[in-house]
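Q: Chains as they are written, first to last, in the numbering used here: chain A, 99 to 709; chain B, 99 to 709; chain C, 379 to 728; chain D, 379 to 728. Ideal Cβ placement from N, Cα and C applies to all residues, glycine included. Have a look at the structure that comes next, please.
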Ligand SMILES: Cc1ncc(C[n+]2csc(CCOP(=O)(O)OP(=O)(O)O)c2C)c(N)n1
Ligand SMILES: Cc1ncc(C[n+]2csc(CCOP(=O)(O)OP(=O)(O)O)c2C)c(N)n1
Ligand code: SF4
Ligand code: SF4
Ligand SMILES: [Mg+2]
Ligand SMILES: [Mg+2]
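What follows is the structure in structure tokens.
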């Protein structure tokens, strides 16, 4: 390592190859190693449709983007400093976003004629000068990997599948990462197939050695650890954070966790993750469909579980009727909806925020429920926990919104202390004397939770309108009006617990950005840039989408303009406009991709200039 | 008939009895006879939960309210001029709305101790003076009916079931109605059981004779025919009008009608009605559930039917996912949703307008579709027809909203000329040369309708995002944005065909009432009263709820205040506020009952006075 | 555990001494006078005291339909849910608390039309839940449309020219879905109804009881052939484990197998005697035997079997799940939330 | 109409002369290399030309799953719909236009999990639709969760400690739902696959084909016992109408019935000969026979039957409906919209 090491504040790297090339694995490992070194990171796994496209084709390209930095960051980056392209298709679909003079590592071994044709290249970009404006490092990884593994006597197929680790080795060298974590990962991942661990380890080392030996790169880089707040950290994805948040709520409330779910992209990992924790008393029930899933959850809630169902858009649609029942019988449960691009099947592996209106209104009759949304992968922990807290305290189903970008994205997470998590007290009704199924708590308007098995509290509930207090079936007009209003009021009262909204920037000014969900990083980055430029711009980010925070109206009215970026065609913006009569402006992107902060910056400039 | 006949402009009559007493039948017959005489009528069948309550109890009371008049009316009336009470429970639940000094016809035979107790009467109201402020006519209809039918030798059970016709006979006499229609109705209704026809006919005549003979009533009344526009009329309920509207659209478009449905109150009658018309080529498919119903309809639309599904709130919730598919594949179909009180099972026999938000937004992803709402029972014909027209012209599923009040309510309908109905041209794609599954019509942005069986047009569609023009699966970000926007724009373009909004009252002023759906009658009556009083108040009524009429924004802004009465907790009002930034005020009633015009009048006064 | 000997959560050695009254709620029963539902309710209320399970451990879950009003009338925990979904709700209840005695009340529309999928999945999973299916071959609550058990050609509100759907045979369907306990009884035979309810309660695993129920308003008499005094004996054969299939007012007829086709034979014409007859074996692990019985219903020349068609042992879903939890606890130790949060690769920032 | 002789909408006397190529769409086939789906696609494309039905009359409808991508690759009308609902969509298509040849492509999750209800209702209605169920005993598209046909104890992404669900036997379930045509074949036996597809197409009524399909990514080898050259002959018995059930590489074993329990017997040890064996009768109107065959799958000592289990005649839903329409037209005459609008009691206002 005698070559100069240049210190960078941040770098954005993209691994791109065929779906079969293992880009997610090595990208993720670069992220983990960087996180362990102390960088802040942001990642964007960007893989194709669930189904495999033919090798080498454009729809078959799988990408993993990674932003590493020595300061606090909030996005996976936009333009890349370095791009690894394992084949022509990967080059074609990703080159556009490589910075001018960016580092382009190409696996020449993947640039066969056939692959060039599959990627619709008329000439070989390695030869036609079209890559001149980049620092191109063309390496025949296929051959080099084969050489490195020669003596192991493995099949050609196995050997060829190791070239992703060769590429990772190069990137490690380039960014001065240690190989320790990757090597131990390989050991444990292939514990039962040590020959694979050995092969990949060798490929990894070979990639690094190759750089060292051939002096391919003039410089190597380092990105120093970020000055993150003190504490213990781990790298965590949104779906894992959601699962942990639910288990934490179960442990803190003392209620057994029940997950009733039906697999669906990109929510399935919540089911997978939770099904590992049987020793935490977690019961996972893979139902026959989403309707059975939520209905099992209603039954579980009724009988005293912390009951949760997880799904994505089309699955939420199927749960609509049963969710209405849960609202009507006022049982606590949590619906985790990991949004994906719609409508209908849409683009299952792509992100979107377009299920908000469905979450708020997708049921028959007047059926309000609380909606909360996570803003970052790690924030899924806290927000899922908050959803459980609300459900239990207020005896209501709660809708927790995440999305594909959060679910698969990952970031360093300062691990909380279990004992610091908010308490979740549970008060099962016990006393036959005072018990009435729909007698409400004066503060919260919640009804009592009386679970089967409790002597003397035998009672009946159902989806027909109920008489106040007794819960008996009632068709009385005034009772219906009363119950409709009190159910709404109960939800409104949840706002009493919402902490004051944090404003970044001044409390009044020209422009306020209002965000929710996974746009957090892009909006925050954009606003901070603009604040650095001295612009009059502020920012709030909403976790509670129903009810909205009590101070929101006032905040909105303190700004000349309100801008609401959403990854949909404009949803929360209409709720805000209707409620506060504030002419908030929607800023929308519906491409199955998160915002770039630059897009938001441009919009900010536009508004500040034009008005 | 030597007694004085007093001429009335209008009268409101309520029949009330036990569910088993046949009140709906005789109420309906009084309506039919009155309509045939030329009165304008408005009716409100008001029956209990679908399930039978025990005889004589309060929840078992079934009511039929009828408003007859010699001028154009729009509601079933509020306070009754006359009330028929067959038992104590019926008296108890209905007396409140009988006008002071109103006519109260009581079946003394039903006032047994047991029945008084079931109705929670401590003393007999016939004896305790509590009815003093009414004109009470206490008649033992049980005994009188038995006497009248004595010689027929029928069982006591059968005889007792005829007393509703005795009551009707009394009401006929009181309002000077001819018995002709009722007698012929009985003949045809009991064609296979002539002894029942005879028994009921005798009871009817006995009721009338009794009045004539006993001089019970000092006066009888008449309500002269209304001056309705010329033409042929029939009395029609909302559900029947809906069914006929669909058949008419089928006939005019030349497309066979396919109804896929699952029974649910109060929509089932659409299925029942349509299943009679096999000779019109109508295929009705009673599916295993609502999901199968709409899916069968998607298949029927795909292969060239005029495809319709009918349901009510909880059923609409179940159709959400498939509706998203229909939007995504852009096939023409109509979803008839007959709203009932929610949430969940709610109050199935009671009316509400609370499914609007579900209709607009109850699906995953960005999934806009047109929504139209009928305003009167007979208007269901036109609006269902319009829904079909839009679906076919614009290649989109259309949501048609009715409600329990319209569905079961009835009114005289000026029968249209079939030849005057708007044309519904159908253009199936035929030409393989120019065909592309998602190549859009320039005007409407509709895609072509290419049905299986057409040679050369073999193509694939599906719920995954599609490439513009070709319809091939596409995950391209910009294509998704484009398709999302073009689907929305296609729906927006439907507004090009919406006629200018009719304003009743001045085009500008202090207060505009904006209504939709079944609030029509009550709002219109209220506004007309206020106009008579010289108040500055105007009114519009919306049939097209999405897209909204193009001229709506301007109209709204021409009034100081905008008031929006809805039978929900405030739904369209939020759409309007968000879209036009007009601080429209919601006025809401959520009792499972329609508005009384007096309630609206009071609210109008309040607003006009306070501001 | 043997299907016969099981008692759910017996309350120790002392008898609970509950009575029918203890199971009657304060709600007015709202079915049409004459409806068969009354009898099923009464027999259930009469039978439960004998099971010696504390009242608070009973949960009755229903969907939507006339029959589904049932839980309102039981003074136990009750859940009147949404159309067709009771099996899924009951599953969540039973998994959460296997100690409860969970009952699903459903109709032919609720269970076999909209709820068909949950119904067959419940059966295959063999969750220990008791299902009483009120089969009146009609949609009662929505006022008389045909149901999935209505006969081909049935004229109803939605089929004025007759239905063109072939009906399900609920017992055959249940057996195809690998049900472990299937029985049939009728609303007009109180003693038998009680006996079958007890048998279902005793069975560990999903128990399905099909009850022939009369809807005297919309489908009056649909089962009279099998339920009325004057015709019952000739048209019904009672299944009793280990006993030959004999029927007839004079007990003069029996069922014998010809290959695997059942035939009705006379026991008096000298051709056949008792020993030629099928001997009922509810414990046959091969579902074929019960399947044969189930199809007797479709053959107008044969009497319809009532009683327990099948009662076999098979591991219950909730037991297997509870076992996994126990095993995991054994293997991985006690929950430790902090350890869980800190699992995997972590690093410290100072 | 006889199941064997029917051809759907034959294009008159001349042959259409279509080829496999005519059924290949221009879309790239996107399954994992090695997936069993390729073979099923290829054999379907190879078989359709023989049916002599014009290309434009074919409609392939699917739900969601790897298998459900199938319609994209067929150059026919195709509809890739939503998860589990293809049977209902296909029903709407067939009722609207009975002249079409309608095919449903589905997976074990699509058909038996979320779509279970539509599946059994399609079978009972006997709409003339052909269903090809790709059974790989796993959820492929969502990356490897267990399905309703996965074995008890199966370790998958969602069951790290093994599944506690008892699986469905799809053929038994179909028979319980009164299917009129049920067959089984495998992705590794092209000739048989073709033959079965033809048989299904020829059947009037709902035809169900279960295909043992290998998912080499998430459930590799689940059927190898029955599909691979070296083990197939010993573990599979081919069903042929009128022929005895003989199997084994040397055709040296057979199946005989003991009561209604099938047994595998040797034909070489002198104890049993061909005439002792079950003779296959796909036309047996009593479903019991096919039910017995279906359960052979659950007995590890028996070979698994492939071929046509059952093919019986029964009136189709869409035919009965078309008949009612004809009858009504005859009875009530031509449509007259004006008359319809003016039906019932009317009056004139002058
Ligand atoms: C989602 C939904 N669809 C439809 C209905 C209307 N509905 C209520 S009960 C019922 C069928 C009742 O039939 P069954 O299950 O046989 O019960 P029964 O009334 O005969 O006892 C229907 C269609 C509903 N309540 N919910
Ligand atoms: C409503 C809904 N729920 C869940 C999913 C996710 N999903 C897609 S395919 C599938 C199961 C696929 O399994 P199978 O039917 O066996 O098909 P295979 O992929 O194995 O061919 C699931 C759960 C979905 N697309 N839609
Ligand atoms: S409608 Fe039929 S099933 Fe329902 S309560 Fe009345 S008699 Fe019973
Ligand atoms: S995941 Fe399995 S079923 Fe799906 S395409 Fe790949 S091999 Fe085939
Ligand atoms: Mg029923
Ligand atoms: Mg599968």
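Is residue 516 (chain C) a contact residue of ligand 5, with contact defined as CB to any heavy atom under 6 Å?
A: One-based indexing of the third chain puts residue 516 (chain C) at position 138. True, at least one ligand heavy atom lies under 6 Å from that Cβ.
Q: At least one CB of chain D closer than 7 Å to the CB of residue 439 (chain A): is that the case?
A: To locate residue 439 (chain A), count along the first chain from 1; it is residue 341. Cβ-Cβ to chain D under 7 Å: no for residue 439 (chain A).
Q: Using a Cβ-Cβ cutoff of 7 Å, what residues of the region 143–162 of chain B are near chain A? List them in chain order.
A: For the region 143–162 of chain B, the set of positions with a beta-carbon nearer than 7 Å to some beta-carbon of chain A reads 146, 147, 157 in chain order.
Q: Between the Cα of residue 408 (chain B) and the Cα atoms of B:463, B:474, B:337, B:452, which residue gives the shortest distance?
A: For the purposes of this step, residue 408 (chain B) is taken as residue 310 along the second chain, with counting starting at 1. Of all alpha-carbon atoms in B:463, B:474, B:337, B:452, the one lying nearest the alpha-carbon of residue 408 (chain B) is that of B:337.
Q: Taking DSSP's pairing of strands, which residues face residue 372 (chain D) in a bridge?
A: Beyond the ends of chain D as shown, which are 379 and 728, falls residue 372 (chain D); an answer cannot be given.
Q: Any beta carbon from chain E within less than 7 Å of residue 112 (chain B)'s own beta carbon?
A: The chain labelled as chain E is not found among the protein chains of the depicted structure, namely A, B, C and D.
Q: From the DSSP output, read off the bridge partner residues of residue 271 (chain B).
A: For this step, residue 271 (chain B) is matched to residue 173 along the second chain. In DSSP, residue 271 (chain B) forms no bridge with anything.
Q: Going by C-alpha to C-alpha distance, which of D:637, D:586, D:567, D:462 sits closest to residue 686 (chain D)?
A: Locating residue 686 (chain D) in the fourth chain gives position 308, counting from the first residue. Taking only the C-alpha atoms, the option nearest residue 686 (chain D) is D:586.
Q: Cβ of residue 459 (chain D) versus every heavy atom of ligand 5: is any distance shorter than 6 Å?
A: By one-based count along the fourth chain, residue 459 (chain D) stands at place 81. Not under cutoff, so the answer is no.
Q: Mind checking if residue 691 (chain D) is an interface residue toward chain C, Cβ cutoff 7 Å exclusive?
A: Against the fourth chain, residue 691 (chain D) aligns to sequence position 313. It does not; no Cβ of chain C falls within 7 Å.
Q: Report buried or exposed for residue 576 (chain B), applying the criterion of at least 16 other Cβ atoms within 10 angstroms of its Cβ.
A: For the purposes of this step, residue 576 (chain B) is taken as residue 478 along the second chain, with counting starting at 1. Its Cβ having fewer than 16 others within 10 Å, residue 576 (chain B) is exposed.
Q: Can we count residue 487 (chain D) as close to ligand 6, meaning its CB is less than 6 Å from some heavy atom?
A: As a first step, residue 487 (chain D) must be located in the fourth chain, where it is residue number 109. Answer for residue 487 (chain D): yes, Cβ within range of ligand 6.
Q: If contact means a Cβ-Cβ distance below 8 Å, which residues of the region 655–677 of chain D contact chain C?
A: 664, 665, 666, 667, 669, 670, 673
Q: Just to confirm, does residue 373 (chain A) get its C-beta within under 6 Å of one of the non-hydrogen atoms of ligand 2?
A: Within the first chain, numbered from 1, the residue matching residue 373 (chain A) stands at position 275. No.
Q: Would you please verify whether the beta carbon of residue 497 (chain B) is less than 7 Å from any beta carbon of chain A?
A: Here residue 497 (chain B) refers to the residue found at position 399 of the second chain. Not one chain A Cβ lies under 7 Å of residue 497 (chain B).
Q: Answer with buried or exposed for residue 328 (chain B), where buried requires no fewer than 16 other C-beta atoms within 10 angstroms of its C-beta.
A: Counting from 1 along the second chain, the entry for residue 328 (chain B) is found at position 230. Classification for residue 328 (chain B): exposed.
Q: Once the 5 residues before and after residue 480 (chain D) are set aside, which same chain residues still bring their CB inside 6 Å of it?
A: Translated into positions along the fourth chain, residue 480 (chain D) becomes position 102. If we look at residue 480 (chain D) and ignore the five residues flanking it on each side, its Cβ neighbours are 437, 468, 471, 472, 507.
Q: Candidates A:263, A:501, A:660, A:286: which alpha carbon is nearest residue 446 (chain A)'s?
A: As a first step, residue 446 (chain A) is located in the first chain; it is residue number 348 there, counting from the start. The shortest Cα separation from residue 446 (chain A) among A:263, A:501, A:660, A:286 belongs to A:501.
Q: Taking C-beta pairs closer than 8 Å, name the residues in chain C that residue 638 (chain D) reaches, listed in chain order.
A: Along the fourth chain, one-based indexing puts residue 638 (chain D) at 260. The contacting residues are 638, 664, 666, 667, 670.
Q: With burial defined as no fewer than 16 other Cβ atoms inside 10 Å of the residue's Cβ, what is the status of residue 648 (chain C): buried or exposed?
A: For the purposes of this step, residue 648 (chain C) is taken as the residue at position 270 of the third chain. Exposed, since its Cβ has fewer than 16 Cβ neighbours within 10 Å.
Q: With hydrogens ignored, establish whether the beta-carbon of residue 519 (chain D) is closer than 6 Å to any heavy atom of ligand 2.
A: Taking the fourth chain and counting its residues from 1, the one referred to as residue 519 (chain D) is at position 141. Indeed, a heavy atom of ligand 2 lies less than 6 Å from the Cβ.
Q: Look at residue 423 (chain B) and residue 469 (chain B) and say whether their C-beta atoms are less than 7 Å apart.
A: In the second chain, the residue the question calls residue 423 (chain B) occupies position 325. In the second chain, the residue the question calls residue 469 (chain B) occupies position 371. Their beta carbons are not under 7 Å apart, which means residue 423 (chain B) does not touch residue 469 (chain B) by this criterion.
Q: If the cut-off is 7 Å on Cβ atoms, which residues from the region 415–448 of chain B count as contacting chain C, listed in chain order?
A: 442, 443
Q: For residue 126 (chain B), decide whether its Cβ has a neighbour in chain A, counting only Cβ atoms nearer than 7 Å.
A: On the second chain, residue 126 (chain B) is found 28 positions in, with the first residue counted as 1. Not one chain A Cβ lies under 7 Å of residue 126 (chain B).
Q: For a test of your reading of the model: does the CB of residue 504 (chain D) fall under 6 Å from any non-hydrogen atom of ligand 4? Yes or no.
A: Numbered from its first residue, the fourth chain carries residue 504 (chain D) at position 126. Residue 504 (chain D): no, Cβ never under 6 Å from ligand 4.
Q: Counting Cβ pairs closer than 8 Å, one from the region 487–502 of chain C and one from the region 536–555 of chain D, do we hit at least three?
A: yes
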